[in-house]
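2 protein chains.
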Amino acid sequence: MTDPFIRTIHSTESDSHATGPLAGLRLAVKDLYDIAGIPTGAGNPRWLETHDIPTSDATAVARLKDAGATVVGKTITDELAWSLNGTNFHYGTPTNPAAPGRVPGGSSSGSASAVALEAADIALGTDTGGSVRVPASYCGLYGLRPTHGRIPMDGVVPLAPSLDTAGLFARDASTLRTAMDVLYQSANPTSPITTLIAPADIWDSVDPAVREALYPAIEGFGLEIDRTPLLDDIAELETARQTYATILAWEAWQQHGTWIEQARPEFGPGVGARFANAAKLTQDDVTPAEQHRERITTLIREHLTDGAVLAIPAAPGPAPKPDAPFDREALVRMTCLSGLSGAPAISLPLGRVDGLPVNLQVIAAHDTDESLLKLAEQS
Amino acid sequence: MTDPFIRTIHSTESDSHATGPLAGLRLAVKDLYDIAGIPTGAGNPRWLETHDIPTSDATAVARLKDAGATVVGKTITDELAWSLNGTNFHYGTPTNPAAPGRVPGGSSSGSASAVALEAADIALGTDTGGSVRVPASYCGLYGLRPTHGRIPMDGVVPLAPSLDTAGLFARDASTLRTAMDVLYQSANPTSPITTLIAPADIWDSVDPAVREALYPAIEGFGLEIDRTPLLDDIAELETARQTYATILAWEAWQQHGTWIEQARPEFGPGVGARFANAAKLTQDDVTPAEQHRERITTLIREHLTDGAVLAIPAAPGPAPKPDAPFDREALVRMTCLSGLSGAPAISLPLGRVDGLPVNLQVIAAHDTDESLLKLAEQS
Chain A
578 MTDPFIRTIH STESDSHATG PLAGLRLAVK DLYDIAGIPT GAGNPRWLET
628 HDIPTSDATA VARLKDAGAT VVGKTITDEL AWSLNGTNFH YGTPTNPAAP
678 GRVPGGSSSG SASAVALEAA DIALGTDTGG SVRVPASYCG LYGLRPTHGR
728 IPMDGVVPLA PSLDTAGLFA RDASTLRTAM DVLYQSANPT SPITTLIAPA
778 DIWDSVDPAV REALYPAIEG FGLEIDRTPL LDDIAELETA RQTYATILAW
828 EAWQQHGTWI EQARPEFGPG VGARFANAAK LTQDDVTPAE QHRERITTLI
878 REHLTDGAVL AIPAAPGPAP KPDAPFDREA LVRMTCLSGL SGAPAISLPL
928 GRVDGLPVNL QVIAAHDTDE SLLKLAEQS
Chain B
578 MTDPFIRTIH STESDSHATG PLAGLRLAVK DLYDIAGIPT GAGNPRWLET
628 HDIPTSDATA VARLKDAGAT VVGKTITDEL AWSLNGTNFH YGTPTNPAAP
678 GRVPGGSSSG SASAVALEAA DIALGTDTGG SVRVPASYCG LYGLRPTHGR
728 IPMDGVVPLA PSLDTAGLFA RDASTLRTAM DVLYQSANPT SPITTLIAPA
778 DIWDSVDPAV REALYPAIEG FGLEIDRTPL LDDIAELETA RQTYATILAW
828 EAWQQHGTWI EQARPEFGPG VGARFANAAK LTQDDVTPAE QHRERITTLI
878 REHLTDGAVL AIPAAPGPAP KPDAPFDREA LVRMTCLSGL SGAPAISLPL
928 GRVDGLPVNL QVIAAHDTDE SLLKLAEQS
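Quick note, the sequences are listed as chains A and B, same order. Just so we're on the same page, my numbering is the position in the first sequence counted from 1, plus 577. Just so we're on the same page, my numbering is the position in the second sequence counted from 1, plus 577.
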């Protein structure tokens with residue numbers, strides 16, 4: 578099953594002549610990544626209008642194509658990747674076949690939707706603060722945010738470079754691992770994961786239905802489980818979220834402020850307000866945020882040693898309806914720890930609440946992405 | 578909700594500056610219709626490759642645009658419109674949100690899917706032998722096949738000109754009527770429909786579940802119902818289907834034989850076999866078929882007088898699964914009477930079998946399309 582429209586990339590479903598480890602796999606590409614000869618729209622019509630058509634592929638796209646994947650289309654993204662719900666004001670809300678009538682999650686909305694719809698086998702997204710992990714959760718897919726910096730980001734529209742990563746969706750862990758091996762080019766050796774840190778403070782902060790849905794999955798790995806609270810006070814998680822939000826907004830304005838002032842794009846209500854607020858930030862806001870980020874990073878790194886990983890929800894609940902109030906803060910509290918620290922995180926479709934998917938998020942030590950992918954295969 | 582991919586037409590969801598009776602309506606266009614500057618692919622990659630990009634809009638597209646509709650994308654079609662199930666070998670099977678996991682029907686598969694998905698409000702299809710009426714039934718939409726010849730077919734890839742018509746999908750009867758009024762340009766006066774001919778022989782030839790699903794709808798109009806058998810022997814319906822198939826194949830080869838021999842396109846299995854058989858037809862096959870067509874046309878015309886219309890199923894059952902055996906013959910027996918006679922027919926989403934849509938088809942006298950659309954509004 579696929580989407581009804583003819584795509585900018587008028588390719589056939591898969592290239593039967595391709596060779597390589599990804600031969601036969603259909604690849605959907607978030608419309609933040611350059612593909613030679615095809616415009617990059619970044620989810621905003623004014624961006625599309627004011628940028629030249631790229632003449633070369635982003636490295637991440639090129640690696641997957643070189644390994645035999647067939648690009649079947651570029652996918653809808655939230656505007657400049659700055660949202661988590663996947664309701665693009667200009668281009669609509671991609672369908673979520675795993676939760677009909679509900680949002681797919683964002684900002685890699687179309688990539689998640691395409692894989693869930695089986696219109697693609699793998700899809701490139703980006704994850705700044707959850708943009709792969711959240712739509713993977715809402716659509717019931719496997720999604721990986723790699724260690725920050727491991728996948729080159731050339732040819733990808735940035736949002737906040739110190740947080741931005743590539744990311745990939747698949748319907749099964751084995752396909753995800755095969756495609757990520759290609760993206761990494763050189764694999765790190767895996768080391769056994771022995772302990773799942775499932776901190777009581779974070780788990781107690783979400784809906785009991787989410788706990789009930791995901792606790793069995795945690796236990797199912799057969800590893801040691803450590804439920805010691807992560808923070809002195811759960812309120813620190815909200816502070817971490819604010820720190821994340823400040824750094825993101827500051828970097829986003831550094832990246833796009835000049836363009837916004839010159840090109841005067843029309844934005845949907847949420848992202849427009851966020852850019853307007855970003856424009857007002859000063860170095861006095863950012864310095865304490867950066868200091869706090871250091872402390873969070875240290876805390877996370879100290880925990881993720883000796884085979885321990887952090888297992889928390891990928892989202893505080895299943896996909897909301899498009900017109901429901903969207904609790905962005907609750908969502909970012911679940912996703913910001915990986916973003917702030919740069920640690921890799923995987924979103925695993927291991928639970929359901931009222932029949933709708935909700936994923937487990939596992940965060941691991943820097944550069945141990947391969948161990949995380951191996952763990953996913955055991956889930 | 579919309580499809581996940583970026584479309585060849587990179588337009589925003591609807592044009593808020595548009596004026597006219599269709600202002601605010603999003604229009605999807607089957608990829609048989611020319612749109613200036615956008616390639617027409619007709620569902621086959623080789624067709625796309627071997628044809629120039631059109632420099633003007635098909636008249637049907639232009640009329641809808643001039644009336645304020647915003648084109649939001651071109652949609653997947655079965656190859657050269659010669660199929661009824663909507664599983665394009667090259668480009669995939671558009672999703673059917675009304676019957677998840679099942680085919681959308683074809684050949685106007687993407688147009689039906691786009692409207693059902695609420696990614697468009699109206700969509701242009703074509704109907705040679707059911708290509709609007711069948712996907713409307715499988716996707717639970719309103720769909721009209723106009724009187725043959727009433728809508729100009731310039732700028733539309735032909736299949737069999739004596740059978741080909743434009744056609745339109747909508748989610749409600751009132752939108753369908755408004756948009757068809759635009760396509761007709763000058764409306765015919767309506768005359769009251771007084772009798773639904775629901776011939777026992779045709780209704781007895783379909784699954785009892787379809788009868789049970791649609792009889793209440795027929796009765797719901799509050800009109801006189803005439804259940805007199807239409808044919809001396811129900812086997813004549815199969816003869817009509819064969820006549821239809823012969824004429825279609827003959828004309829299709831007249832249209833496309835030279836291109837097929839020169840361009841050597843790859844076709845999916847069904848359509849490839851049909852073109853191969855079409856190539857073998859001779860005038861000796863066609864002459865008796867044309868004579869039989871005359872008799873069928875006379876029969877239909879004689880019944881459709883004095884306010885009487887023919888009410889039969891739009892399809893013998895709900896949408897099948899993509900891998901299920903596809904009983905094309907049973908389907909064409911329901912659709913060929915309108916095609917052969919050139920009479921207008923509407924597909925009305927008035928029934929469900931096992932929760933899946935199945936439509937009522939109402940066929941009316943030539944050039945009384947407006948009366949049919951008015952009847953739909955009373956359904």
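The beta-carbon is built from N, C-alpha and C at its ideal position, and this holds for glycine as well.
Query	Result
Minimum C-alpha distance to residue 851 (chain B) - residue among B:824, B:725, B:867 and B:864	B:824
Proximity test, residue 669 (chain B) beta-carbon vs the ligand MN heavy atom, cut-off 6 Å	No copy of the ligand MN occurs in the structure displayed, which carries no ligand at all.
Helix, strand or coil at residue 860 (chain A) [DSSP, three-state]	helix
Cβ of residue 903 (chain A) within 7 Å of any chain B Cβ	no
Proximity winner among B:694, B:810 and B:734, relative to residue 672 (chain B) (alpha-carbon distances)	B:694
Continuous beta strand (DSSP E) assignments of at least 3 residues falling wholly in the stretch 839-911 of chain B	885-890
Pair within 7 Å by beta-carbon distance, residue 711 (chain A) and residue 682 (chain A)	yes
Chain-ordered chain A contacts of residue 651 (chain B) [CB-CB under 8 Å]	582 and 583
Against chain B: residues of the stretch 693-704 of chain A by CB proximity under 8 Å	694 and 696
Classification of residue 777 (chain B) by the beta-carbon crowding that lies within 10 angstroms, buried from 16 upward	exposed
Outcome for residue 915 (chain B) when other beta-carbon atoms lying within 10 angstroms are tallied against a minimum of 16	buried
Status (buried if at least 16 other CB within 10 Å, exposed otherwise) for residue 854 (chain A)	exposed
Within 7 Å, strictly: CB atoms of residue 935 (chain A) and residue 787 (chain A)	yes
Residue 955 (chain A) - partner residues in DSSP beta bridges	DSSP output for residue 955 (chain A) lists no bridge partner at all.
Amino acids of chain A, ordered along the chain, whose beta-carbon sits closer than 7 Å to that of residue 608 (chain B)	583
For residue 917 (chain B), the nearest candidate out of B:943, B:662 and B:653 (CA to CA)	B:943
Under 8 Å by beta carbon: chain B residues contacting residue 671 (chain A)	578, 579, 580 and 581
Simplified DSSP state of residue 695 (chain A), which is helix, strand or coil	coil
Neighbour flag for residue 691 (chain B) against chain A, beta carbons, 7 Å	yes
Boundaries of the alpha helix (DSSP H) in which residue 931 (chain B) is found, first to last residue	Residue 931 (chain B) -> no alpha helix (DSSP H), and no H or E assigned at all.
Candidates A:813, A:817 and A:793, of which the one nearest residue 775 (chain A) by Cα	A:793
Reduced DSSP secondary structure (H/G/I, E/B, other) of residue 778 (chain A)	helix
Limits of the alpha helix (DSSP H) - the one that residue 755 (chain B) falls within	750-761
Residues that DSSP places opposite residue 611 (chain A) in a beta bridge	Residue 611 (chain A) is not bridged to any residue.
Residue 924 (chain B) in three-state terms, based on DSSP	strand
CB contact below 7 Å: residue 663 (chain A) versus chain B	no
The stretch 600-620 of chain B contacting the stretch 726-740 of chain B, beta-carbon criterion three pairs below 8 Å	yes
Where residue 849 (chain A) meets chain B, residues with beta-carbon distance less than 8 Å	Ordered by position in chain B, no residue passes the 8 Å Cβ test against residue 849 (chain A), which lies about 15 Å from the chain.
Counted within 10 angstroms of its Cβ, other Cβ atoms place residue 885 (chain A) as buried (16 or more) or exposed	buried
Span separating the alpha-carbon of residue 847 (chain A) from that of residue 660 (chain A)	8 Å
For residue 653 (chain A) and residue 650 (chain B), the rounded distance between their alpha carbons	14 Å
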